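*Asks:* Numbering (the numbering used here), first residue to last: 1 to 386.
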Amino acid sequence: MWTHRRSGQNHQRGTQDHRDPYERDRTRVIHCPAFRRLQRKTQILGTDEGDFHRTRLTHSLEVDSIGRSIVRNLRINQEQHPVIVGLLPNDDLISVICLLHDIGHPPFGHGGEVALNYMMRNYGGFEGNGQTLRLLTKVESSYGPFGLDLTRRALLGILKYPVPRAKVVAPLQPPVHESIHKTIKINDWLPPKAYFDCEQEEVNWLLSPFSIEDRELFQSLLVAPTDTRVGKSAFHSFDCSIMDTADDIAYGVHDLEDAIHLKLLDISHLDTPEFKELLSHTPLAPHRERLISALFNSDTYTRKQAIGELVNYFITSTTVIVAHEHFENNLLKYNVALVPEAAMLLKFLMACIYKNVIDSQEARTFEYGGQTVVLRLFEAISSNPG
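#1: If the criterion is Cβ atoms closer than 8 Å, does the pair VAL83 and ASN330 meet it?
#2: Could you check whether ILE353 and GLY252 sit closer than 8 Å to each other, using their CB atoms as the reference points?
#3: Considering ALA380, what are the terminal residues of the alpha helix (DSSP H) in which it resides?
#4: Residues in its own chain within less than 7 Å of GLU49 by CB, not counting five upstream and five downstream?
#5: State the start and end residues of the unbroken beta strand (DSSP E) segment that holds THR318.
#6: Out of HIS18, LEU150 and ASN122, which one is the CA nearest neighbour of ILE30?
#7: What's the C-alpha gap between ASP299 and LEU93?
#8: According to DSSP, simplified to helix, strand and coil, what is LEU88?
#9: Does the segment 254-263 come close enough to the segment 109-118 that 3 or more CB-CB pairs lie under 8 Å?
#10: Going along the chain, which residues of its own chain have a beta-carbon closer than 7 Å to the beta-carbon of MET1, five neighbours each way excluded?
#11: Who are the Cβ neighbours of LEU310 in its own chain at under 6 Å, not counting the five residues just before and after it?
#12: Following the continuous alpha helix (DSSP H) through TYR301, name the residue where it begins and the one where it ends.
#13: Roughly how many whole angstroms lie between the Cα atoms of THR137 and ARG6?
#14: Where does ASN335 sit, in a helix, a strand or coil, going by DSSP?
#15: What does a CB cutoff of less than 6 Å around ALA306 pick up in its chain, not counting 5 residues either side in sequence?
#16: If you compare alpha carbons, which of THR42, ALA343, ASP359 and GLU328 is closest to ASP214?
#17: Helix, strand or coil for PRO167, going by three-state DSSP, please let me know.
#18: DSSP state of SER220, grouped into three classes?
#19: Expressed to the nearest angstrom, what Euclidean distance is found between the alpha-carbon atoms of ASP197 and GLY231?
#20: Which of the three DSSP states, helix, strand or coil, is assigned to ARG134?
#21: So for THR3, helix, strand or coil by DSSP?
#22: Quick one, which of ASP271, THR3, LEU100 and ASP227 has its alpha-carbon nearest GLU289's?
#23: Check SER141 in the structure and name its three-state DSSP category.
#24: Suppose only complete runs of 4+ residues qualify. What are the alpha helix (DSSP H) ranges in the segment 192-242, listed by chain order?
#25: With ASN356 as the anchor, note down where its alpha helix (DSSP H) starts and where it stops.
#26: Cα separation between ARG19 and LYS160?
#27: Alpha carbon to alpha carbon, how far is LEU346 from PHE275?
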């Protein structure tokens, strides 16, 4: 049932097609126009075009690499637990999920997302993860009305927020501007993390193998919405948690490398008592001074070795946890996460990048400029859709 496709066409293409269903999924992703479009979206906003900095495409490839390495690490470390080993996705399946995790995100980061959410406020809103599901099940028309017609388990891994928008949206809408030429406050129009209400039929099919009790628990909320604040979903599936962990590692380490190369961070940001204290609780403790120095070394090889050391540490610090003991199905019951000391270290790196790079004045300026571009393009296209 997990290899089934919504079209019902679950068979191979001819007698000479020896690919398994997940390998076929991966082939569809690689040849998908929406996947290629990721190459034009930069990972760190405000960076000039060049041959070093990462794009959404290269970021997705790195998440893919990290995700597959996490699975291999767990397969070795969990060999005494056959239930977990049997649950682990194969290389093609986790690759599909990781490669597609950003495919629905618009240009210009939150600026583009907020602009689209504002313009679509009366038509179901817009959110990047919700757009990912819509794109894969409808918009990409390679396989007719079923989008890419991926396998059920691949789509389950991609469904990062398994609740409908209506369940988490704040009832009270912020003030609406008479003119789109006035800048929209990003924090006022940040969309709730959810799938679009119009995708309910697809989600019903996706979750149909689970019991009613599992579906209800899986779609429960961690935070309920208030009049002015959006709600938040509570759970990820097993495969999704692998992708999410890989995404965080890529964000915390590879984006750190970009920020250092672009001189958006210097050694003073990491040569701090807090960072050294966090390192002291990890196997990296004996090498912390060398590691910090190497990250900012002008020699590319030395810096790359330090980045690789961090990535390897995080990959080998993954473990399997119980998401909720009341889940019946193991794909929902178990999640992959970092051990606590690794999670704290990664949280520090991600916060450092957000504060000094993502939330910098340069990035904000670029984001607001992108917001304006999206608003005006939307207005122009909607006024003359033909």
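Glycine residues also receive a C-beta, built at the ideal position from the N, C-alpha and C atoms. Values in this document were obtained by computation on a predicted structure and should not be read as measured data.
*Replies:* Per the coordinate set shown:
#1: Here residue 83 refers to the residue found at position 83 when the sequence shown is read from its first residue. Here residue 330 refers to the residue found at position 330 when the sequence shown is read from its first residue. Their beta carbons are under 8 Å apart, which means VAL83 touches ASN330 by this criterion.
#2: One-based indexing of the sequence shown puts residue 252 at position 252. One-based indexing of the sequence shown puts residue 353 at position 353. In this structure, GLY252 sits near ILE353, with a CB-CB distance shorter than 8 Å.
#3: Here residue 380 refers to the residue found at position 380 of the sequence shown. ALA380 -> alpha helix (DSSP H) spans 361-383.
#4: Taking the first residue of the sequence shown as position 1, residue 49 is located at position 49. Here the model assigns GLU49 a pLDDT of 48, short of 50, so the residue's position is not dependable and the matter cannot be decided.
#5: Position 318 of the sequence shown, counting from 1, holds the residue named residue 318. DSSP places THR318 inside the beta strand (DSSP E), whose first and last residues are 318-322.
#6: Residue 30 sits at position 30 when you count from the first residue of the sequence shown. The shortest C-alpha to C-alpha distance from ILE30 to any of HIS18, LEU150 and ASN122 is the one to LEU150.
#7: Working through the sequence shown from its first residue, we reach residue 299 at position 299. Working through the sequence shown from its first residue, we reach residue 93 at position 93. Put simply, the backbone Cα of ASP299 is about 37 Å away from that of LEU93.
#8: For the purposes of this step, residue 88 is taken as residue 88 along the sequence shown, with counting starting at 1. The answer is coil: DSSP assigns LEU88 none of H, G, I, E or B.
#9: Short answer: they don't touch.
#10: For the purposes of this step, residue 1 is taken as the residue at position 1 of the sequence shown. Setting aside the 5 residues that flank it on each side, MET1 is surrounded in the same chain by ARG152 and PRO209, each with a C-beta closer than 7 Å to its C-beta; the list follows chain order.
#11: To locate residue 310, count along the sequence shown from 1; it is residue 310. So the list reads VAL253, once near-sequence residues are dropped.
#12: On the sequence shown, residue 301 is found 301 positions in, with the first residue counted as 1. In the DSSP annotation of this structure, the continuous segment of the alpha helix (DSSP H) that includes TYR301 starts and ends at 300-315.
#13: Reading the sequence shown from its first residue, position 137 is the one you call residue 137. Reading the sequence shown from its first residue, position 6 is the one you call residue 6. Distance between the alpha carbons of THR137 and ARG6 is about 9 Å.
#14: Against the sequence shown, residue 335 aligns to sequence position 335. Here ASN335 sits in strand by DSSP.
#15: What you label residue 306 is simply residue 306 of the sequence shown in a count that begins at 1. Contacts found: LEU291, ALA294 and LEU295.
#16: In the sequence shown, counting from the first residue as 1, residue 214 sits at position 214. Of THR42, ALA343, ASP359 and GLU328, the residue nearest in Cα terms is GLU328.
#17: As a position in the sequence shown, residue 167 is number 167, starting the count at 1. The question names Pro, yet the displayed sequence has Lys at residue 167. For LYS167, the secondary structure class from DSSP, reduced to helix, strand or coil, is helix.
#18: Position 220 of the sequence shown, counted from the first residue, corresponds to residue 220. Looking at SER220 - three-state DSSP - the assignment turns out to be coil, as it is neither helix nor strand.
#19: In the sequence shown, counting from the first residue as 1, residue 197 sits at position 197. In the sequence shown, counting from the first residue as 1, residue 231 sits at position 231. Distance between the alpha carbons of ASP197 and GLY231 is about 15 Å.
#20: Position 134 of the sequence shown holds residue 134. Three-state DSSP puts ARG134 in a helix.
#21: Within the sequence shown, the letter at position 3 stands for residue 3. In this structure, THR3 counts as coil in the three-state DSSP scheme.
#22: Within the sequence shown, residue 289 is the residue found at index 289, counting from 1. Ranking ASP271, THR3, LEU100 and ASP227 by Cα distance to GLU289 puts ASP271 first.
#23: Indexing the sequence shown from 1 puts residue 141 at position 141. Looking at SER141 - three-state DSSP - the assignment turns out to be helix.
#24: At a cut-off of 4 residues, the continuous stretches assigned as alpha helix (DSSP H) that sit fully inside the segment 192-242 are 200-207 and 212-218.
#25: Your numbering for residue 356 matches position 356 in the sequence shown. For ASN356, no alpha helix (DSSP H) run applies, since DSSP gives it neither H nor E.
#26: The residue given as residue 19 occupies position 19 in the sequence shown. The residue given as residue 160 occupies position 160 in the sequence shown. The straight-line gap from Cα to Cα measures roughly 27 Å.
#27: Start at 1 with the first residue of the sequence shown, and residue 346 comes out as number 346. Start at 1 with the first residue of the sequence shown, and residue 275 comes out as number 275. Straight-line Cα distance between these residues: approximately 10 Å.
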